[in-house]
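Be aware that the sequence shown starts at 1, since it is given in this note's numbering, and climbs by one per residue.
One structure is given below, encoded as structure tokens.
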Amino acid sequence: MLYRTAGQFKTTYQADQALFPVRQDAFLLGVILLFAWVIFPLTASEFAFQTLLIPILIYSLAALGLNVLTGYAGQLSLGTAAFMGVGAYACYKLITIMPWMNPIVAILLSGVFSAGIGVAFGIPSLRIKGFYLAIATLAAQFFLVWLFEKWAWLYNYNASGAIQVPNLDIFGLYVSGPQASSIVQYYVVLFIVCLLTMLCINLTRGTLGRTWKATRDMDIAAELIGINLMKSKLTAFAVSSYIVGVAGALFVFMWRGAAEPNLFDIPLSFRILFIAIIGGLGSIMGNYLGAILIVGLPVVLNPVPNALGIPIDSATVEHLNIMIVGSLIVFFLIVEPHGLAQLWRLIREKLIIWPFPH
């Protein structure tokens, strides 16, 4: 009943290839955007902004960048956290050198530096692929984190070796730093995430997206039909690293407030990779579903024992959260190996033809 398509006729190729082939999809997206832009900001607390809404959006954006490279172009990468670090340090230097620069412009420009570094480390993908490429990107991860530690110019020769986010304002309204409010930071993050998500949707549905998918499915056949593999792979690295770099700048400037080099170490790369895998490789929506499960679910489960009156110390609760989330990840991957996005597609198809059997 919810997804009844009776009367929704398609008489042109453009209508058949529309972004929302079923009218209910557009309505559902409108409801989600209404909650994100209006209802959540009006009802969420400071705790919800800092532990749920802002980190879920930032991790979703980072997973989206990785998904462009791995899910759409088929190039394995284990250096996502390092490219986030490039974006964060680039944004810090831009703000330091040009303090008059608009913070949102600085965040968006920081991804350009990350894209350049990503292309440089993506050059080996022209000769190697699979796990060998993953090891090459892992080497980039270790090298860049080492560079963050040793190159004192990046953190302005601070004795602590960390970068501190200053108070930055737009038209007198603080958007980052200790004086910025969480709701303002949330709106900045939401705006940038929506902007880059729309960019990715258009890229993956266009010619560039089709060349990425052809490269992913069978690169030799793609080259035989005229696809330039060098251009396809390096553009995937550039777009992916740009999005990841912007996510890294948001990670530090709109959420953490400060960062040390070890913040961008290998565990962060693996966490983003898990979000992309559990959400569904080759899916835009899957990044958000994966982030909600891996980032948001532990926060929601944390107060449950106290609410039920069960006396459990915080360390035990943390271990239980890890066990529950890990079990759910295994369960979902067994039920649907292609991730939560594919699980939603199957549910949607059944809703469209309900009550008839498939």
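Here a beta-carbon is modelled for each residue, glycine too, at the ideal position from N, C-alpha and C.
Source: prediction; values computed, not measured.
Check                                                                                                                   : Outcome
When M323, W100, G296, F148 are compared against F171, the one with the closest alpha-carbon                            : W100
N- and C-terminal bounds of the alpha helix (DSSP H) containing L301                                                    : 297-301
Cut-off 7 Å between Cβ atoms - residues of its own chain near F49, not counting five sequence neighbours on either side : S182, I183, Y186
DSSP-derived helix/strand/coil call for I32                                                                             : helix
Beta-carbon gap between T96 and N158 smaller than 8 Å                                                                   : no
Same chain, Cβ closer than 7 Å to T235, five either side skipped, listed in chain order                                 : L208
Segment contact, 8 Å Cβ cut-off, at least three pairs: the stretch 237-249 with the stretch 83-91                       : yes
Exposure of M230, with buried meaning 16 or more beta-carbon neighbours within 10 Å                                     : exposed
Sequence ranges, alpha helix (DSSP H) only - wholly within the stretch 314-348, length at least 4                       : 314-335
Sequence-distant residues of the same chain with beta carbon closer than 6 Å to I312, five excluded per side            : P305
One or two residues paired with A258 in a DSSP bridge                                                                   : Q164
C-alpha distance - T197 paired with L64, whole-angstrom precision                                                       : 8 Å
Beta carbon of I292 nearer than 8 Å to that of C200                                                                     : no
L34 classed as buried or exposed, judged by whether at least 16 other C-beta atoms fall within 10 angstroms             : exposed
Buried or exposed (CB count within 10 angstroms, at least 16 for buried), Y92                                           : buried
Own chain, CB closer than 7 Å to L53, minus 5 neighbours either side, in chain order                                    : F40, A44, Y186
Three-pair Cβ contact test at 8 Å for the stretch 338-347 versus the stretch 275-284                                    : yes
N-terminal and C-terminal residue of the alpha helix (DSSP H) that S182 is part of                                      : 182-205
Rounded Cβ spacing between V189 and S60 (contact assumed at less than 8 Å)                                              : Not quite, the Cβ-Cβ distance comes to about 10 Å (not below 8 Å), so this is no contact.
Residues of its chain near A259, where Cβ-Cβ distance is below 7 Å and the 5 sequence neighbours each way are ignored   : A88, A162, I163, V252
Neighbourhood of I275 by C-beta, 7 Å cutoff - its chain only, sequence neighbours within 5 removed                      : Y59, A63, N287, G290, A291, I294
Any non-hydrogen atom of the ligand FMN within 7 Å of G130 CB                                                           : The ligand FMN is absent from the structure shown, which contains no ligand whatsoever.
V387 to A221 span [Cα, whole Å]                                                                                         : Lying outside 1 to 358, the shown extent of the chain, residue 387 is not represented and no answer is given.
Bridge partners - I294, DSSP secondary structure assignment                                                             : DSSP, once it has assigned bridges, lists no residue as partnering I294.
R127 classed as buried or exposed, judged by whether at least 16 other C-beta atoms fall within 10 angstroms            : exposed
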